[in-house]
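Colleague: Its first residue numbered 19, the sequence shown is counted upward by one per residue in the numbering used here.
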Amino acid sequence: MNKILFFVDIYKWLISLIFFLTGGKVTIFFVHTNVQLNVELNYNGFMTIYKYAKDLEKRIQKTKVSGSSVGFVPTMGALHEGHLSLLRKSKKTAEITVASIFVNPTQFNNAEDFKKYPKTIEQDILLLASNGCDILFLPAEKEIYPNEESRQKHFDLGYLETILEGKFRPGHFQGVCLVVEKLLNIVQPDFLFMGQKDFQQCMVIKRLIELMQVNVQLVICPILREETGLAMSSRNLRLDPSERIHAAQLHQALASIKKNRNKQNFLSLKNKAVIDLKNNGFNVEYLELARKNDLVLLTDFNEKEDMILLIAAFLHDVRLIDNLLINH
Ligand code: AMP
19 MNKILFFVDI
29 YKWLISLIFF
39 LTGGKVTIFF
49 VHTNVQLNVE
59 LNYNGFMTIY
69 KYAKDLEKRI
79 QKTKVSGSSV
89 GFVPTMGALH
99 EGHLSLLRKS
109 KKTAEITVAS
119 IFVNPTQFNN
129 AEDFKKYPKT
139 IEQDILLLAS
149 NGCDILFLPA
159 EKEIYPNEES
169 RQKHFDLGYL
179 ETILEGKFRP
189 GHFQGVCLVV
199 EKLLNIVQPD
209 FLFMGQKDFQ
219 QCMVIKRLIE
229 LMQVNVQLVI
239 CPILREETGL
249 AMSSRNLRLD
259 PSERIHAAQL
269 HQALASIKKN
279 RNKQNFLSLK
289 NKAVIDLKNN
299 GFNVEYLELA
309 RKNDLVLLTD
319 FNEKEDMILL
329 IAAFLHDVRL
339 IDNLLINH
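(1) May I ask you to list the residues that DSSP assigns as paired with residue 239?
(2) Which one or two residues does DSSP pair with residue 92 in a beta bridge?
(3) With DSSP run on the structure shown, which of helix, strand or coil describes residue 73?
(4) Using DSSP with H/G/I as helix, E/B as strand and the rest coil, what is residue 177?
(5) If you follow the beta strand (DSSP E) that residue 319 is part of, which residue opens it and which one closes it?
(6) Could you tell me the alpha carbon to alpha carbon distance between residue 53 and residue 142, rounded to whole angstroms?
(7) As a quick exercise: from 180, 168, 88, pick the residue whose alpha carbon is nearest that of residue 196.
(8) For the pair the segment 206 to 219 and the segment 65 to 74, tell me if three or more CB-CB distances fall below 8 Å.
(9) Quick check on residue 339: buried or exposed, where buried means 16 or more other Cβ atoms within 10 Å of its Cβ?
(10) Give the straight-line distance between the Cα atoms of residue 162 and residue 200, rounded to the nearest whole angstrom.
(11) Taking the straight line between their C-alpha atoms, what separation do you get for residue 122 and residue 336?
(12) Can you check DSSP and say which residues form a bridge with residue 336?
(13) Residue 99 and residue 250: beta carbons closer than 8 Å?
(14) At what residues does the beta strand (DSSP E) containing residue 128 begin and finish?
(15) Does the distance between the C-beta of residue 200 and the nearest non-hydrogen atom of ligand 1 fall short of 7 Å?
(16) For residue 249, is the beta carbon positioned less than 7 Å from some heavy atom of ligand 1?
(17) Comparing the CB of residue 268 with every heavy atom of ligand 1, is any distance shorter than 7 Å?
(18) I need the DSSP call for residue 158, collapsed to helix, strand or coil.
(19) Do residue 152 and ligand 1 come close, with the Cβ less than 7 Å from some heavy atom?
(20) What residues match up with residue 229 in a beta bridge as DSSP calls it?
(21) Please report the straight-line C-alpha distance between residue 253 and residue 279, rounded to a whole angstrom.
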């Protein structure tokens, strides 16, 4: 293995040239290979892919010494415009943008969902590189979870873990915190970019940042939607084109509740929406109204506060979530 590392070092720049000439195909080969390549992979000279935390940490140290700010966009891949909007925001805000792709097994409470999670790594690399991402962290599972102990930590998330996603996906937010804590320790970003699409996750990460006592500014970015109103999501890849159009009913249900909030109370609007969605093939897990700043569930609209409507529903076996802000 040492021999390989030695040769890899010598051929590093040659490999970069081949990346350039092959339009990235060789990068993709190295991403898929299990050979322990301890190397920075330069993609067209713009984006560097790191597979190992210690290499990335060295690079981040250099960045910090030079005084550059670091923006971080963690993802699970199968990238779409929603992810890219976070990347663009990071590029506007910070000097160096790091993205990560890691389908985190500990946050899946359903083994089948984990197995079926879409993977489009080749396309993801091209999208990140062509959108100006500086660094991609692409670790293997063993890099994040080298042993059983590395999966064991518990985070005190309090109330947030007892409602909505926390209630319907037991253990999910513990898994999210496990991986985000490790990623934040490796990347040490000044700014962390996350999507309002996963609003409760943003609240959980706010809590994690407090628990970690680190100086990271969480930037919550708006939801990007398809023309139909469907919130963009990697899981949408599991829907065929007609199902995608159908799935936009989730957003339409929330928009209709928001629009009619001065005419009827929340409970009757919710009941009507849930019945309509059920009749149209959805299995609704929850549809709730909550206070925006702490997600305390509300029984009715209160125009003095900022509120949020949140929904989770299955269309066949694909679980979709969405939300809509109601600002006063
Ligand atoms: P994921 O790959 O699903 O873990 O998402 C990575 C990040 O992208 C999270 O912070 C998500 O909230 C964000 N994200 C996912 N979908 C969207 C969307 N439609 N618009 C904006 N951000 C999104």
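Just so it is clear, CB atoms sit at the ideal spot from N, CA and C, and this is done for glycine as well.
Quick caveat: nothing in here was measured; it's all calculated off a predicted structure.
Modeller: Taking the geometry as given:
(1) Counting from one through the sequence shown, the residue named residue 239 turns up at place 221. Answer by DSSP bridge pairing, in chain order: 213.
(2) Counting from one through the sequence shown, the residue named residue 92 turns up at place 74. 118, per the DSSP bridge assignment.
(3) By one-based count along the sequence shown, residue 73 stands at place 55. It is helical.
(4) In the sequence shown, the residue the question calls residue 177 occupies position 159. Here residue 177 sits in helix by DSSP.
(5) Your numbering for residue 319 matches position 301 in the sequence shown. It is not in any beta strand (DSSP E) - residue 319 carries neither H nor E in the DSSP assignment.
(6) Looking up residue 53 in the sequence shown gives position 35. Looking up residue 142 in the sequence shown gives position 124. Its pLDDT being 42, under 50, residue 53 is placed unreliably by the model, and the measurement read from it follows with that caveat. Taking the straight line from one Cα to the other gives about 21 Å.
(7) One-based indexing of the sequence shown puts residue 196 at position 178. Comparing Cα-Cα distances from residue 196 to each of 180, 168, 88, the minimum goes to 168.
(8) no
(9) Numbered from 1 along the sequence shown, position 321 holds the residue referred to as residue 339. Label assigned to residue 339: buried.
(10) Within the sequence shown, the letter at position 144 stands for residue 162. Within the sequence shown, the letter at position 182 stands for residue 200. Using only the alpha carbons, I get a separation of about 7 Å.
(11) Start at 1 with the first residue of the sequence shown, and residue 122 comes out as number 104. Start at 1 with the first residue of the sequence shown, and residue 336 comes out as number 318. The straight-line gap from Cα to Cα measures roughly 18 Å.
(12) Position 318 of the sequence shown, counted from the start, is the residue given in the question as residue 336. According to DSSP, residue 336 bridges with 333.
(13) To locate residue 99, count along the sequence shown from 1; it is residue 81. To locate residue 250, count along the sequence shown from 1; it is residue 232. Result yes, Cβ atoms of residue 99 and residue 250 sit closer than 8 Å.
(14) Locating residue 128 in the sequence shown gives position 110, where the first residue counts as 1. Neither: residue 128 is in no beta strand (DSSP E) and is coded neither H nor E.
(15) Translated into positions along the sequence shown, residue 200 becomes position 182. No, Cβ of residue 200 sits at least 7 Å from all heavy atoms of ligand 1.
(16) As a working note, residue 249 is residue 231 in the sequence shown. Residue 249: yes, Cβ under 7 Å from ligand 1.
(17) Sequence index remark: in the sequence shown, residue 268 carries index 250 (1-based). Not so, every heavy atom of ligand 1 lies at least 7 Å from the Cβ.
(18) Numbered from its first residue, the sequence shown carries residue 158 at position 140. Correct three-state label for residue 158: coil.
(19) Position 134 of the sequence shown, counted from the first residue, corresponds to residue 152. Because no heavy atom of ligand 1 lies under 7 Å away, the Cβ of residue 152 does not count as near it: no.
(20) By one-based count along the sequence shown, residue 229 stands at place 211. Residue 229 is not bridged to any residue.
(21) Along the sequence shown, one-based indexing puts residue 253 at 235. Along the sequence shown, one-based indexing puts residue 279 at 261. Their Cα atoms are separated by approximately 30 Å.
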